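>
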């Protein structure tokens, strides 16, 4: 049995934390931390691409940026709805 932590489990637990948070301000704060982490990941991934791959993945990168920008300013109830959808998607894609 492997003791390694699976990325999907970490993400699922983070979204569960958003759903379980009773304090609306803390819920939004968690959502904003998600945006910041994903923006950092996107920047790091893009920085590691060579020019040909940057061109190849330009549209995907922009779509991800747009998605993150659309998450900004969400209320706690909107974050909980989004987090629930993400958790369902993770569960549906588990092997």
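In this note's numbering, the protein residues as written are 1 to 95.
C-beta atoms are modelled at their ideal positions from N, C-alpha and C, and glycine is treated no differently.
Remember, predicted model here, so these are calculated numbers, not experimental data.
(1) For residue 63 and residue 30, what's the separation of their Cα atoms in angstroms?
(2) Rounded to a whole number of angstroms, what is the C-alpha to C-alpha distance between residue 45 and residue 75?
(3) Roughly how many angstroms separate the alpha carbons of residue 14 and residue 59, rounded to a whole number?
(4) Who are the near neighbours of residue 27 in its chain, counting only those whose CB is closer than 8 Å to its CB and skipping five residues on each side?
(5) So, at 8 Å on beta carbons, what are the nonlocal neighbours of residue 3 in its own chain, with the 5 sequence-adjacent residues on each side left out?
(6) By Cβ distance, which residues of its chain are closer than 7 Å to residue 96, with the 5 residues on each side in sequence left out?
Short version:
(1) 22 Å
(2) 29 Å
(3) 27 Å
(4) 18, 21, 76, 79 and 80
(5) With a pLDDT of only 47 at residue 3, under 50, the local geometry of the prediction cannot be trusted, and the value read off the model is given with reservation. Counting only Cβ-Cβ distances below 8 Å, and skipping sequence neighbours, we find nothing.
(6) Residue numbering for the chain in the displayed model covers 1 to 95; residue 96 lies beyond these limits and cannot be assessed.
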